[in-house]
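Read the structure below first, then the notes.
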Amino acid sequence: MQSVFTGSVYVVRDNIDTDQIISAQYLNLVPTIPDEYKKLGTYALAGLPDSLYPIRFVAPGQPVGAYPIVVGGRNFGCGSSREHAPIALGSAGCKVVLAQSFARIFFRNSVATGELYPCECADRLCEILKTGDVVTVDLDKLTVTAKATGKVYSLKPLGDVKPVVDAGGLFNYARKTGMMPVSPG
Amino acid sequence: MTLTEKIMARAAGKGRVEAGDNVWVKADILMTHDVCGPGTIGVFKREFGAAAKVWDRKAVVIIPDHYIFTVDSKSNRNVDILRDFAREQEIAYFYDVIDSPAGTWKFDAAKGPLERQYGSHYAGVCHTALPQKGHTRPGEILFGTDSHTCMAGAFNEFATGIGNTDAGFVMGTGKLLLKVPETMHFRLEGKLQPGVMAKDVILHCIGEIGFDGATYRAMQFDGEGVRNLTMDDRMTIANMAIEAGGKNAIFEFDDQTRAAVDYRCKLNGTRADYQPVERDAAEKFVHETVVNLSKLEPTVACHPDPGQRKLARELVGMKLDRAYVGSCTGGKTSDFLEAARVLRGRKVVIDTFGVPATPEIVHDLQSAWWGDKSVWQILVEAGVQMTENAGCAACLGGPVDTFGRMNAPLKCISATNRNFPGRMGHRESQVFLASPATVAASALTGHITDPRDYLS
Ligand code: SF4
Numbered sequence: 324m325q326s327v328f329t330g331s332v333y334v335v336r337d338n339i340d341t342d343q344i345i346s347a348q349y350l351n352l353v354p355t356i357p358d359e360y361k362k363l364g365t366y367a368l369a370g371l372p373d374s375l376y377p378i379r380f381v382a383p384g385q386p387v388g389a390y391p392i393v394v395g396g397r398n399f400g401c402g403s404s405r406e407h408a409p410i411a412l413g414s415a416g417c418k419v420v421l422a423q424s425f426a427r428i429f430f431r432n433s434v435a436t437g438e439l440y441p442c443e444c445a446d447r448l449c450e451i452l453k454t455g456d457v458v459t460v461d462l463d464k465l466t467v468t469a470k471a472t473g474k475v476y477s478l479k480p481l482g483d484v485k486p487v488v489d490a491g492g493l494f495n496y497a498r499k500t501g502m503m504p505v506s507p508g
Numbered sequence: 054m055t056l057t058e059k060i061m062a063r064a065a066g067k068g069r070v071e072a073g074d075n076v077w078v079k080a081d082i083l084m085t086h087d088v089c090g091p092g093t094i095g096v097f098k099r100e101f102g103a104a105a106k107v108w109d110r111k112a113v114v115i116i117p118d119h120y121i122f123t124v125d126s127k128s129n130r131n132v133d134i135l136r137d138f139a140r141e142q143e144i145a146y147f148y149d150v151i152d153s154p155a156g157t158w159k160f161d162a163a164k165g166p167l168e169r170q171y172g173s174h175y176a177g178v179c180h181t182a183l184p185q186k187g188h189t190r191p192g193e194i195l196f197g198t199d200s201h202t203c204m205a206g207a208f209n210e211f212a213t214g215i216g217n218t219d220a221g222f223v224m225g226t227g228k229l230l231l232k233v234p235e236t237m238h239f240r241l242e243g244k245l246q247p248g249v250m251a252k253d254v255i256l257h258c259i260g261e262i263g264f265d266g267a268t269y270r271a272m273q274f275d276g277e278g279v280r281n282l283t284m285d286d287r288m289t290i291a292n293m294a295i296e297a298g299g300k301n302a303i304f305e306f307d308d309q310t311r312a313a314v315d316y317r318c319k320l321n322g323t324r325a326d327y328q329p330v331e332r333d334a335a336e337k338f339v340h341e342t343v344v345n346l347s348k349l350e351p352t353v354a355c356h357p358d359p360g361q362r363k364l365a366r367e368l369v370g371m372k373l374d375r376a377y378v379g380s381c382t383g384g385k386t387s388d389f390l391e392a393a394r395v396l397r398g399r400k401v402v403i404d405t406f407g408v409p410a411t412p413e414i415v416h417d418l419q420s421a422w423w424g425d426k427s428v429w430q431i432l433v434e435a436g437v438q439m440t441e442n443a444g445c446a447a448c449l450g451g452p453v454d455t456f457g458r459m460n461a462p463l464k465c466i467s468a469t470n471r472n473f474p475g476r477m478g479h480r481e482s483q484v485f486l487a488s489p490a491t492v493a494a495s496a497l498t499g500h501i502t503d504p505r506d507y508l509s
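Read top to bottom, the protein sequences are chains A and B. The first sequence runs 324 to 508 under my numbering. The second sequence runs 54 to 509 under my numbering.
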């Protein structure tokens with residue numbers, strides 16, 4: 324299972340709600356339809372106001388973003404229960420979200436879908452890092468290392484959640500651990 | 054145990070549970086709608102197989118309500134996906150937009166946005182429709198693929214929003230693994246004064262604890278003040294628990310709860326057996342707030358989050374471009390009555406939209422007379438653009454042709470529940486949350502206005 328992720332970060336602030344992660348106008352897309360899953364990725368974080376975020380998470384015309392790691396502040400993913408939110412991020416190539424805290428349903432949906440690892444970090448990384456900085460996230464050692472400065476920040480333990488995301492979400496995990504029969508039906 | 058713990062213990066088949074326990078609970082109702090239903094159905098089929106049956110066809114309630122009155126073809130298609138599934142699964146409670154079970158839904162833009170375009174089964178906004186259609190019962194567990202599912206906590210039940218994957222799991226198994234939340238205690242005293250509404254209560258509470266102050270937690274509302282709140286009031290308050298990050302909100306059970314639930318179950322022929330949960334002496338709370346309802350004033354949550362609390366009178370002079378009364382939170386009959394009280398015989402000076410949450414509310418407003426006019430007429434004559442097409446409309450923006458959507462960077466005062474950037478459309482637009490009375494008063498002046506100025 325991949326536990327180490329290196330790449331550029333995309334940095335957002337506190338209280339990024341699900342409308343900013345995936346604008347409501349794109350909720351007509353159904354995540355379980357493969358084409359629409361891809362399309363959702365192209366709109367990931369498109370709801371961020373241009374005035375605050377001149378660099379877009381997914382560049383116009385690109386199928387996915389250039390940032391495997393999103394860095395947020397407090398209360399990341401607050402707002403609606405739309406699973407489209409972690410799915411849009413995952414579809415756009417995001418593997419890890421580092422935030423000071425997460426809203427409950429976003430956290431749960433990230434894990435249930437297996438789209439990404441929601442990791443809490445006590446440090447205010449959204450003020451330490453800027454978009455484009457390269458970091459290495461190690462989910463076993465629970466560290467984030469900033470390439471430019473060499474500084475290391477620690478993550479809170481992922482606990483029960485990691486094996487579920489590792490398995491690819493709730494259903495795969497339930498099958499793997501014998502909670503559900505292996506084949507559908 | 055707190056009210057929430059008692060319900061979860063019962064649903065888990067355990068004598069007691071404590072905050073922090075992970076327990077498998079049995080669902081009584083699973084609700085889904087047109088935005089998350091198709092994805093939930095997709096998960097259900099992918100995981101349980103194409104021939105799988107839902108765990109209980111009478112416990113799955115499907116309510117299209119979000120993106121209905123739009124020409125967007127994918128949105129129209131999503132309603133058709135729900136219909137096909139409801140037919141295939143013989144879902145007992147599917148509130149279709151159209152009457153023909155073999156038809157397809159298409160919105161006719163040529164008829165305009167105001168005139169009714171739904172059939173006789175359509176129920177409108179899910180959270181308001183659930184109690185109206187007799188699906189909220191004390192002591193039960195309600196899951197919904199929508200964050201404002203917490204609204205049903207007004208009826209002394211555990212109700213919470215879940216994602217498609219969790220909902221797909223519930224659809225197949227009737228169960229879900231939940232962590233028992235810690236409970237925050239909000240004891241209400243006194244009585245709301247004229248011009249002050251339930252919306253002001255919850256905006257006040259969110260301001261007290263912050264927009265993430267209830268994250269992972271239950272918000273329990275009780276005390277003698279609850280008796281002075283109608284069921285509509287309690288719904289407004291419970292609805293916005295999620296705006297403080299709450300997992301659920303729950304109210305004490307009383308005679309009003311019983312009367313409302315019994316009436317609705319009987320009217321709709323839904324299951325009427327239920328067992329409320331009552332308070333006991335051994336409740337463990339992680340937080341205590343006492344709210345004196347008599348002292349509250351009209352309150353506003355400023356852009357860009359529901360925790361930006363100010364009193365309406367502190368914001369006088371803040372210029373606005375439009376006003377909006379609607380949504381599960383602020384589009385009930387009582388909400389429009391309060392707006393009408395302010396607007397009667399006067400004229401709005403900014404674009405003002407009125408979207409009743411459900412068809413029943415449209416009917417109420419058109420048939421309730423005040424003097425020689427219906428409430429609906431009073432609102433229309435005051436200049437409010439009232440649509441009969443009950444639904445979510447611009448509360449969450451939606452497709453660009455959605456009624457009332459902000460397609461430009463405007464400033465709106467709204468009786469809805471959420472004001473993060475872009476919530477009602479354009480990502481540079483701004484939303485100020487307030488009670489329907491404050492929205493109405495502000496519509497009369499074009500800037501934020503204390504509704505008490507208009508009550509005489
Ligand atoms: S009215 Fe608004 S808050 Fe209520 S269910 Fe619809 S979109 Fe959600």
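The beta-carbon is built from N, C-alpha and C at its ideal position, and this holds for glycine as well. What you are looking at is a predicted structure, and each value in this text was computed from that prediction instead of being measured.
Requested in this report: Identify each residue in the segment 397–413 of chain A for which the Cβ-Cβ distance to at least one residue of chain B is less than 7 Å, and report them in chain order.
Outcome: 397, 398, 401, 402, 403, 404, 405, 406
Query raised in the report: Comparing the C-beta of residue 200/B with each C-beta of chain A, is any distance below 9 Å?
Result: Locating residue 200/B in the second sequence gives position 147, counting from the first residue. Yes - at least one Cβ of chain A is within 9 Å of the one on residue 200/B.
Query - Short Cβ contact (9 Å threshold) for residue 500/B with residue 373/B - result: Along the second sequence, one-based indexing puts residue 500/B at 447. Along the second sequence, one-based indexing puts residue 373/B at 320. Closer than 9 Å, so yes.
Query - Partner residues on chain A for residue 269/B, Cβ-Cβ distance less than 8 Å - result: For the purposes of this step, residue 269/B is identified with residue 216 of the second sequence, where counting begins at 1. Result: 427.
Query raised in the report: Since residue 304/B and residue 206/B are thought to touch, with beta carbons under 8 Å apart, how far apart are those beta carbons, to the nearest angstrom?
Result: Numbered from its first residue, the second sequence carries residue 304/B at position 251. Numbered from its first residue, the second sequence carries residue 206/B at position 153. About 6 Å separates the beta carbons of residue 304/B and residue 206/B, which is inside the 8 Å limit, making them a contact pair.
Requested in this report: Could you check if residue 385/B is buried or exposed, using at least 16 other CB atoms within 10 Å of its CB as the buried criterion?
Outcome: Translated into positions along the second sequence, residue 385/B becomes position 332. Buried.
Query raised in the report: Hey, does residue 501/A have any beta-carbon neighbour from chain B nearer than 9 Å?
Result: The count along the first sequence starts at 1 and reaches residue 501/A at position 178. No, residue 501/A does not count as interfacial toward chain B.
**Report entry** Length at least 4, wholly inside the segment 148–191 of chain B: the alpha helix (DSSP H) runs in chain order
**Finding:** The segment 148–191 of chain B contains these whole alpha helix (DSSP H) runs: 179–185.
Query - Where the alpha helix (DSSP H) containing residue 242/B begins and where it ends - result: Here the question's residue 242/B lines up with position 189 in the second sequence. Element bounds for residue 242/B: not the alpha helix (DSSP H) but the beta strand (DSSP E), 235–242.
Query - Euclidean distance between Cα positions of residue 470/B and residue 370/A - result: The residue labelled residue 470/B in the question sits at position 417 within the second sequence. The residue labelled residue 370/A in the question sits at position 47 within the first sequence. Distance between the alpha carbons of residue 470/B and residue 370/A is about 18 Å.
Query raised in the report: With a cut-off of 8 Å, do at least 3 Cβ pairs link the segment 465–483 of chain A to the segment 440–450 of chain A?
Result: yes
Query raised in the report: Using the beta-carbon of each residue, which ones in chain B are nearer than 8 Å to residue 492/A?
Result: Sequence index remark: in the first sequence, residue 492/A carries index 169 (1-based). Residues of chain B passing the Cβ test: 218.
Query - Closer than 9 Å to chain B by CB, residue 395/A - result: Here residue 395/A refers to the residue found at position 72 when the first sequence is read from its first residue. Answer no: the Cβ-Cβ gap between residue 395/A and chain B never drops below 9 Å.
Report task. Could you please tell me which residues of the segment 328–356 of chain A, in chain order, have their CB closer than 8 Å to any CB of chain B? Result -> Listed by position, the residues of the segment 328–356 of chain A near chain B (Cβ gap below 8 Å) are 338, 340, 342, 343, 346, 347, 348, 350, 351, 352, 353, 354, 355, 356.
Requested in this report: May I have a chain-ordered list of the alpha helix (DSSP H) segments no shorter than 4 residues that lie completely inside the segment 391–457 of chain B?
Outcome: 412–420, 428–434
Query raised in the report: Any beta-carbon of chain B closer than 9 Å to the one on residue 379/A?
Result: To locate residue 379/A, count along the first sequence from 1; it is residue 56. Taking Cβ atoms only, chain B never reaches closer than 9 Å to residue 379/A, which makes this a no.
Query - Near-chain A residues of the segment 451–480 of chain B (beta-carbon distance less than 7 Å), N- to C-terminal order - result: 451, 452, 453, 471, 473, 474, 475, 476, 480
**Report entry** Spatial distance of residue 407/A from residue 111/B (CA atoms)
**Finding:** Here residue 407/A corresponds to residue number 84 of the first sequence, with the count starting at 1. Here residue 111/B corresponds to residue number 58 of the second sequence, with the count starting at 1. Each residue's Cα considered, the two are about 27 Å apart.
Query raised in the report: Say the cut is 8 Å; is the CB of residue 190/B nearer than that to a heavy atom of the ligand SF4?
Result: As a working mapping, residue 190/B is identified with position 137 in the second sequence. Answer for residue 190/B: no, Cβ out of range of the ligand SF4.
Report task. Identify whether residue 339/A lies in helix, strand or coil by the three-state DSSP scheme. Result -> Here residue 339/A refers to the residue found at position 16 when the first sequence is read from its first residue. Residue 339/A falls in the coil class under three-state DSSP.
**Report entry** Chain-order list of residues whose beta-carbon lies under 8 Å from that of residue 432/B (same chain, five-residue window excluded)
**Finding:** Reading the second sequence from its first residue, position 379 is the one you call residue 432/B. Excluding sequence neighbours, residue 432/B sits near 389, 392, 393, 396, 407, 418, 439.
Query raised in the report: What number of angstroms, rounded off, separates the C-alpha of residue 225/B from the C-alpha of residue 113/B?
Result: Here residue 225/B is taken as the residue at index 172 of the second sequence, counted from 1. Here residue 113/B is taken as the residue at index 60 of the second sequence, counted from 1. When rounded, the distance between both Cα atoms is 11 Å.
Query raised in the report: Within 9 Å (strictly less), CB to CB, does residue 447/A reach chain B?
Result: Residue 447/A sits at position 124 when you count from the first residue of the first sequence. Under the Cβ distance rule, residue 447/A does not count among the residues neighbouring chain B, no pair being separated by less than 9 Å.
**Report entry** Close-in-space but distant-in-sequence residues of the same chain around residue 482/B (CB under 6 Å, 5 per side omitted)
**Finding:** Residue mapping note: residue 482/B aligns to position 429 of the second sequence, counting from 1. 459, 462, 463, listed in sequence order.
Query raised in the report: Can you give the Cα-Cα distance for residue 73/B and residue 286/B, rounded to whole angstroms?
Result: As a working note, residue 73/B is residue 20 in the second sequence. As a working note, residue 286/B is residue 233 in the second sequence. The straight-line gap from Cα to Cα measures roughly 30 Å.
Query raised in the report: Does DSSP put residue 483/A in a helix, in a strand, or in coil?
Result: By 1-based counting over the first sequence, the position of residue 483/A is 160. In the structure shown, residue 483/A sits in coil (DSSP, three-state: anything other than H, G, I, E or B).
Query raised in the report: Can you find a CB in chain B that lies within less than 9 Å of the CB of residue 374/A?
Result: Locating residue 374/A in the first sequence gives position 51, counting from the first residue. Yes, residue 374/A counts as interfacial toward chain B.
Query raised in the report: Does residue 339/B come within less than 9 Å of chain A when only Cβ atoms are used?
Result: Position 286 of the second sequence, counted from the start, is the residue given in the question as residue 339/B. Not an interface residue.
Query - Chain-ordered neighbours of residue 300/B on chain A, where CB pairs are closer than 8 Å - result: The sequence position of residue 300/B within the second sequence is 247, counting from 1. Result: 427.
Query raised in the report: residue 435/A versus chain B: which residues are under 7 Å apart at the beta carbon?
Result: Locating residue 435/A in the first sequence gives position 112, where the first residue counts as 1. Ordered by position in chain B, the residues that pass the 7 Å Cβ test against residue 435/A are 216, 218, 219.
Query raised in the report: Taking C-alpha atoms, which residue in 137/B, 164/B, 381/B, 428/B lies nearest to residue 155/B?
Result: Position 102 of the second sequence, counted from the start, is the residue given in the question as residue 155/B. Out of 137/B, 164/B, 381/B, 428/B, 137/B has the C-alpha closest to the C-alpha of residue 155/B.
Report task. Output yes or no for whether 9 Å exceeds the beta carbon distance between residue 266/B and residue 293/B. Result -> Translated into the one-based positions of the second sequence, residue 266/B becomes position 213. Translated into the one-based positions of the second sequence, residue 293/B becomes position 240. No, they are not a contact pair.
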